Amino acid sequence: MKYRTIGTNPTTRREVSVLALGAMLFGSVTDEATSFAVLDRYVEAGGNFIDTSDNYAFWTDGGQGGQSEELLGRWRRSRGIADEIVIATKLGARPLAPGTGYVDNPEGLSAKVIREAAERSRERLGLAKVDLLYAHIEDHTVEPRETVEAFGALVAEGTVGLLGVSNHATWRVERARALAAAAGLPGYEVLQYAHTHLRPRADVPDGLFPDGSLGYAGPDLLGYLRAEPGLTLVAYSPLLRGAYTRPDRMPAEFDHPGTPARLAVLRDVARETGATVNQVVLAWQIGGDLPVVPLAGVSSVAQLEENLAAVDLELTPEQRARLDAVH
Ligand SMILES: NC(=O)c1ccc[n+]([C@@H]2O[C@H](COP(=O)([O-])OP(=O)(O)OC[C@H]3O[C@@H](n4cnc5c(N)ncnc54)[C@H](OP(=O)(O)O)[C@@H]3O)[C@@H](O)[C@H]2O)c1
182 MKYRTIGTNP TTRREVSVLA LGAMLFGSVT DEATSFAVLD RYVEAGGNFI
232 DTSDNYAFWT DGGQGGQSEE LLGRWRRSRG IADEIVIATK LGARPLAPGT
282 GYVDNPEGLS AKVIREAAER SRERLGLAKV DLLYAHIEDH TVEPRETVEA
332 FGALVAEGTV GLLGVSNHAT WRVERARALA AAAGLPGYEV LQYAHTHLRP
382 RADVPDGLFP DGSLGYAGPD LLGYLRAEPG LTLVAYSPLL RGAYTRPDRM
432 PAEFDHPGTP ARLAVLRDVA RETGATVNQV VLAWQIGGDL PVVPLAGVSS
482 VAQLEENLAA VDLELTPEQR ARLDAVH
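Right, here's the structure in full:
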């Protein structure tokens, strides 16, 4: 395994594995035995960066979520895991009532929600401190200052380490970080967005983000990452939920003339290296000049093994240049 540092403050920064593991469907779609086997193998291979959320996976049973955090809590207890594993979680997108969703009825990012939701997550996970806590989605009903101060209070108390943000417009990330800096409070240091090798059209709203594909790391977000040292991008859905191997799963926003060219280069590099396309995507993200940590979900140990092997796949500068250049 290889590692990189997330965060800059010596008291809250962490060394995490360059490949993160998504636990979104653990405890719901993926049964407990399989989830535990995947988690055990990931840790055995040196992995220590696991991702969940207080709302995973509410859509699988019409509830409010929490199964993933609860499973991780049971796994931690049964394995005697202390703080060597970084479990990141999120708040803000838990439905307020069963049978609703985070588009129509999200908990949001008020001071009250931040305090109470973080407490519930710590209980489910069995943690005294959450190493990394994200604001999951935007909340347009709350003043950004309230959100910034509420997150800052949790860090000051020591129940949260690093702060992160997901699926927010870049200008909102910048505004929140500027407010935090002006108030002497910790700001968001980890950015979590959908990011893969294929590039989405920005003009195809995906239903969850009606203003456009806010969930994707677009040119503005990537430019921000390049300009702000100390930030890390955690790239979710890097394998496009399996679409690289199962084209029927390819999301509509990738149906444009740039996609076949990108796929062709990925396949060329896979052939040259003897790797799979999934591994080339992950290796391209891990070894690039921007600080990107791919966050992949798996439903079997076999898929995890394939993804872990990408950590040791070295692309040549020439292969990387071809992957970077294709439009
Ligand atoms: N911040 C956010 O809003 C947000 C949104 C979505 C996800 N996430 C996080 O990101 C994590 C990953 O996202 P994701 O599950 O949407 O996308 P992903 O990692 O791109 O896709 C995971 C799925 O891809 C397939 N897969 C994985 N490895 C494979 C391999 N080696 N060969 C073939 N298929 C493979 C599996 O599908 P099958 O199980 O069907 O085989 C697996 O369930 C989640 O667990 C969650 O923690 C965050």
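The numbers in the working numbering rise by one with no breaks, and the one at position 261 of the sequence shown is 442.
Think of the CB as a built atom: it goes at the ideal place given N, C-alpha and C, for glycine as much as any other residue.
Since this is a predicted model, take the numbers as computed values, not measurements.
Have a look at the DSSP bridge pairing and note the partners of G478.
For G478, which the question treats as bridged, DSSP gives the partners G203.
Would DSSP call S291 helix, strand or coil?
coil
Could I get the ranges of all uninterrupted beta strand (DSSP E) runs contained in the region 375-448, with 3 residues as the minimum, in chain order?
413-417
Start and end of the beta strand (DSSP E) containing Y223?
From DSSP, Y223 is part of no beta strand (DSSP E) but of the alpha helix (DSSP H) over 213-225.
Mapping DSSP to helix, strand and coil, what is E196?
strand
So what does D232 bridge to, in DSSP terms?
The partner list for D232 (beta bridge, DSSP) reads G203, A269.
Can R422 be considered in contact with ligand 2, in the sense that its beta carbon sits closer than 7 Å to one or more heavy atoms?
Although ligand 2 was asked about, the structure shown includes only ligand 1 as ligands.
Which whole-angstrom value is the C-beta distance of V415 and V219, which I expect to be below 8 Å?
Their Cβ separation, rounded to whole angstroms, is 18 Å, which puts V415 and V219 out of contact at 8 Å.
Helix, strand or coil at T328 [DSSP, three-state]:
helix
How about A359: is its Cβ closer than 7 Å to a heavy atom in ligand 1?
no
If we ignore side chains and look at the alpha-carbon of each, how far apart do V403 and H349 end up?
In the sequence as displayed, the identity of residue 403 is Leu instead of Val. Rounded to whole angstroms, L403 to H349 spans 13 Å at the Cα level.
Excluding the 5 residues preceding and the 5 following T440 in the sequence, name in chain order all residues of the same chain whose CB lies nearer than 6 Å to its CB.
L379
Between the Cα of L384 and the Cα atoms of G228, E434, E338, which residue gives the shortest distance?
According to the sequence provided, residue 384 is Asp. The question's Leu does not apply to it. The shortest Cα separation from D384 among G228, E434, E338 belongs to E434.
For the alpha helix (DSSP H) containing T526, name the first residue and the last one.
Nothing can be reported for residue 526: it is not among the residues displayed for the chain, which extend from 182 to 508.
Which two residues bound the contiguous beta strand (DSSP E) that contains D264?
Looking at the DSSP string, D264 is not in any beta strand (DSSP E), and its letter there is neither H nor E.
Pick from Y283, N459, A445: whose alpha carbon is nearest that of V579?
Because the chain in this structure spans residues 182 to 508, residue 579 falls outside the shown range and cannot be described.
Should E319 be counted as a contact of ligand 1 given a C-beta to heavy atom distance under 7 Å?
no
Beta strand (DSSP E) containing L494: first to last residue?
Where L494 is concerned, there is no enclosing beta strand (DSSP E), given that its DSSP letter is neither H nor E.
Cβ-based burial, L277 [other Cβ within 10 Å; buried from 16]
exposed
If you measure between the beta carbons of L306 and T340, is that distance less than 8 Å?
no
Starting from T457, follow its DSSP beta bridges and name the residues at the other end.
Listed as beta-bridge partners of T457 by DSSP are no residues whatsoever.
Please tell me whether P472 and Q466 are closer than 8 Å, where the distance is taken between their beta carbons.
no
Which of helix, strand or coil does DSSP assign to V462?
helix
Spatial distance of D470 from P279 (CA atoms):
43 Å
For a test of your reading of the model: does the CB of T426 fall under 7 Å from any non-hydrogen atom of ligand 1? Yes or no.
yes
Assign E265 to buried or exposed, taking buried as 16 or more other Cβ atoms, counted over all protein chains shown, within 10 Å of its Cβ.
exposed
Can you tell me the Cβ-Cβ gap for L343 and V371, rounded? I've got them flagged as a contact below 8 Å.
6 Å
Report yes if the C-beta distance between E487 and T457 is below 8 Å; otherwise report no.
yes
Near G399, which residues of its chain fall below 7 Å by C-beta distance, leaving aside the five closest residues on each side in sequence?
A383
Check I187 in the structure and name its three-state DSSP category.
strand
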